[in-house]
Amino acid sequence: MRYIISAILIAVSAAVFFLFTDPIYQETKALKQQISVLDETFSNSRRIQEVRDTLFGKFNAIPEADLARLEKILPNNVDNVKLILELDRIASQRGMDIKRIDVQEAAGEAGGLGPSGLGYGELDIGLTLTGSYAAFRGFLADLEQSLRLVDITELNFRAAGFDFDQYNVTVRTYWLR
2 MRYIISAILI
12 AVSAAVFFLF
22 TDPIYQETKA
32 LKQQISVLDE
42 TFSNSRRIQE
52 VRDTLFGKFN
62 AIPEADLARL
72 EKILPNNVDN
82 VKLILELDRI
92 ASQRGMDIKR
102 IDVQEAAGEA
112 GGLGPSGLGY
122 GELDIGLTLT
132 GSYAAFRGFL
142 ADLEQSLRLV
152 DITELNFRAA
162 GFDFDQYNVT
172 VRTYWLR
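Start counting at 1 in the sequence shown, then tack on 1, and there's your number in the working numbering.
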């Protein structure tokens with residue numbers, strides 16, 4: 002009888018363990034794993050916030066004059082009127098006349114339809130200039146020294162004689178999208 006009561010108590014203890022204690026233990030174990038994952042996510046979030054704050058601090062430390070220069074180099078919009086006025090100013094300072102201006106969006110490298118996925122846009126501006134070769138070289142030097150980012154993609158010229166030549170220049174400019 003003593004062995005039967007002991008066996009029954011052991012069986013009841015095992016049943017209580019497997020029916021009540023073990024599921025609660027497994028649930029607690031799963032919750033501890035979730036807590037560790039959330040703690041890791043929280044620490045990653047803190048690190049990201051620290052990096053963000055550091056970057057904001059560096060950005061805010063940039064002088065306004067430098068930000069204005071960066072905006073002029075790579076503006077947030079195309080603003081082709083301002084660029085054409087600057088090209089006209091450079092040409093006038095060098096004694097050159099702009100006879101024709103053609104503005105067109107630059108063809109993408111892939112040539113496909115839809116957005117290019119680039120973080121910047123491109124615009125081609127074709128100019129027909131007249132003037133002397135020395136004035137044209139000065140125009141190119143001033144264009145190179147201007148703050149606006151431009152690439153000369155095409156250059157043709159025709160000598161008309163009497164130190165008065167015609168130059169066809171295509172420049173590509175960029176802006177942030």
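Even glycine gets a Cβ: it sits at the ideal position worked out from N, Cα and C.
Here's a check: name, in chain order, each residue in its chain whose Cβ is nearer than 6 Å to the Cβ of residue i, leaving out the five neighbours to either side.
i      : result
Ala136 : Arg95, Gly96, Met97
Val104 : Asn81, Ile126
If I measure Cβ to Cβ from residue i and keep anything under 7 Å in the same chain, skipping five residues before and after, which residues do I get?
i      : result
Asn157 : Asn169
Val52  : none
Asp164 : Ser133
Arg159 : Asp166, Gln167
Cα separation between residue i and residue j?
i      : j      : result
Ile126 : Ser46  : 46 Å
Ser14  : Ser7   : 10 Å
Glu28  : Asp40  : 18 Å
Tyr26  : Leu32  : 10 Å
Asp80  : Asp166 : 29 Å
Arg90  : Phe57  : 37 Å
Arg3   : Gln34  : 44 Å
Asp23  : Gly120 : 56 Å
Thr171 : Ser93  : 18 Å
Leu68  : Leu150 : 15 Å
Ser37  : Pro76  : 46 Å
Thr154 : Arg48  : 45 Å
Gly115 : Thr42  : Low confidence applies to Gly115: its pLDDT is 46, below 50, so where it sits in the model is not reliable, and the reading given next is rough at best. Approximately 37 Å between the Cα atoms of the pair.
Ala16  : Ile5   : 16 Å
Glu106 : Ser44  : 46 Å
Lys83  : Glu72  : 13 Å
Quick check on residue i: does DSSP put it in helix, strand or coil?
i      : result
Val82  : helix
Val99  : It is Ile, not Val, that sits at residue 99 in the sequence shown. Reduced to three states, the DSSP call for Ile99 is strand.
Leu114 : Caution is warranted here: a pLDDT of 41 is assigned to Leu114, below 50, making its placement in the model unreliable, and the coordinate value is therefore given only provisionally. The answer is coil: DSSP assigns Leu114 none of H, G, I, E or B.
Gly120 : coil
Ala62  : coil
Leu75  : coil
Ser7   : helix
Can you pull the DSSP bridge partners for residue i?
i      : result
Val104 : Ile126
Gln167 : Thr131, Arg159
Ser173 : According to the sequence as given, residue 173 is Arg; it is not Ser. Per DSSP, Asp125, Asp152.
What do you reckon, are the CB atoms on residue i and residue j nearer than 8 Å?
i      : j      : result
Ile85  : Ile102 : yes
Arg178 : Gly139 : no
Asn78  : Trp176 : yes
Thr55  : Leu124 : no
Arg70  : Leu148 : yes
Leu130 : Ile99  : yes
What does a CB cutoff of less than 8 Å around residue i pick up in its chain, not counting 5 residues either side in sequence?
i     : result
Glu87 : Ser147, Arg149
Ala66 : none
Is residue i near the ligand HEM, going by C-beta to nearest heavy atom under 7 Å?
i      : result
Ser133 : Looking for the ligand HEM in the displayed structure turns up nothing, as the structure carries no ligands at all.
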